[in-house]
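Down below is the structure, laid out as structure tokens.
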Amino acid sequence: MILFPAIDLYDGKAVRLFKGDYAQMTVYSHNPIEIARDFEAKGAIWAHLVDLEGAKDGTTPNLEIVKQIANETSLSTEIGGGIRNMQTVATYLENGVDRVILGTAAVNDEAFLKEVVAAYGKRIAVGVDVKDGFVAIKGWTENSAYSCFDFCRKMVDLGVEYLICTDISKDGAMQGTNRELYRELSEKFSVNITASGGVSSLEDIQALRKLNLYGAIVGKAYYNGAISLTDALEAAK
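Under my numbering, the sequence shown has 234 at position 175, and the numbering climbs by one with no breaks.
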């Protein structure tokens with residue numbers, strides 16, 4: 060299982076939100092590239108990046124930092140947050156990013172999703188952000204009409220190969236991850252599933268690895284020192 064340490068970007072800083080609430084934001088670093096270099100030094104091979112400003116308004120305000128992380132470290136990178144047209148997808152992929160994550164656009168614009176998957180295939184992932192059993196959109200500020208499992212089935216049927224599933228109720232709460240959700244997902248769908256939200260101990264990582272998931276994202280637990288990234292990477296193996 061691949062462990063993806065995360066950098067959430069807002070106003071050029073590395074931050075974390077509590078359960079997706081922009082009003083409950085903690086700034087961890089004014090220099091995100093330093094954090095990426097720490098990931099690299101500790102043995103990570105991927106970084107999971109989110110542009111929280113882009114998630115709200117569909118722009119790429121942190122593009123320069125994303126480019127820096129993608130091109131000035133050995134890390135493979137994936138980026139999500141407000142990617143809603145082909146131009147934005149191309150901008151990221153042409154500037155060194157390895158994989159682009161669609162969220163709101165995958166829910167609201169099936170024609171765009173089909174076009175992106177046809178053009179870029181394995182370089183596209185879809186974020187399945189779950190709130191009260193439904194898929195949330197627009198920076199987690201609204202719920203769509205799709206249930207988690209119905210949406211995942213639709214994505215698989217449309218040829219999406221990577222799903223990143225976040226239980227919003229667990230995100231940033233340091234109370235463990237929703238293992239039952241990921242067990243169900245791994246049993247129902249034969250795609251690459253990454254678990255996100257609440258990964259806060261080595262035990263969480265070991266349990267997720269046993270579910271044969273593709274990956275797990277660690278965020279707040281890294282920033283507050285609850286998990287040693289070196290140990291976490293080892294546990295993921």
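Positions of the beta carbon are idealized from the N, C-alpha and C atoms, including for glycine. These figures come from a predicted structure and were not determined experimentally.
Inset, instruction - Label Ala177 either buried or exposed according to how many other C-beta atoms from any shown protein chain fall within 10 Å of its C-beta, with 16 as the threshold for buried. - result: exposed
Legend entry - Nearest neighbour of Glu112, chosen from Ile94, Val175 and Gly139 [CA to CA]: Gly139
Inset, instruction - Can you tell me the Cβ-Cβ gap for Ala291 and Leu122, rounded? I've got them flagged as a contact below 8 Å. - result: No, Ala291 and Leu122 are not in contact; Cβ-Cβ is about 28 Å, not under 8 Å.
Legend entry - When Tyr282, Ile286, Lys269 and Val219 are compared against Glu93, the one with the closest alpha-carbon: Tyr282
Inset, instruction - Reducing DSSP to helix, strand and coil, say where Arg182 ends up. - result: helix
Legend entry - Alpha-carbon spacing of Gly155 relative to Lys126, whole angstroms: Rounded to the nearest angstrom, the two C-alpha atoms are 6 Å apart.
Legend entry - Nonlocal neighbours in the same chain, by C-beta distance under 7 Å from Gln265, ignoring five residues either side: Residues Ala294 of the same chain have their beta carbon placed closer than 7 Å to that of Gln265, with the five preceding and five following residues left out of the count.
Legend entry - Those runs of the alpha helix (DSSP H) which lie wholly inside the segment 114–168 and span at least 4 residues: 122–131, 145–153 and 163–167
Inset, instruction - Give me the Cα-Cα distance between Thr118 and Gln146, rounded to the nearest whole angstrom. - result: 11 Å
Legend entry - Glu174 at chain C interface by Cβ criterion, 8 Å: Protein chain content of the structure displayed is limited to a single chain, and chain C is not contained in it.
Legend entry - Endpoints, alpha helix (DSSP H) assigned at Thr200: It is not in any alpha helix (DSSP H) - Thr200 carries neither H nor E in the DSSP assignment.
Inset, instruction - Throw me the rounded Cβ distance for the Asp226 and Leu240 pair, which I believe falls under 8 Å. - result: 6 Å
Inset, instruction - Provide the residue span of the beta strand (DSSP E) that contains Tyr87, from first to last. - result: Asp80 to Ser88
Legend entry - Strand pairing of Pro64, partner residues [DSSP]: According to DSSP, residue pairing for Pro64 in a beta bridge involves Val277.
Legend entry - the segment 204–212 in contact with the segment 259–275 per 3-pair CB rule at 8 Å: Counting C-beta pairs closer than 8 Å gives fewer than three between the segment 204–212 and the segment 259–275, which falls short of the contact rule.
Legend entry - Residues near Gly306 by beta carbon distance below 6 Å, same chain, minus five either side: The chain is shown from 60 up to 296; residue 306 falls before or after that span and cannot be answered.
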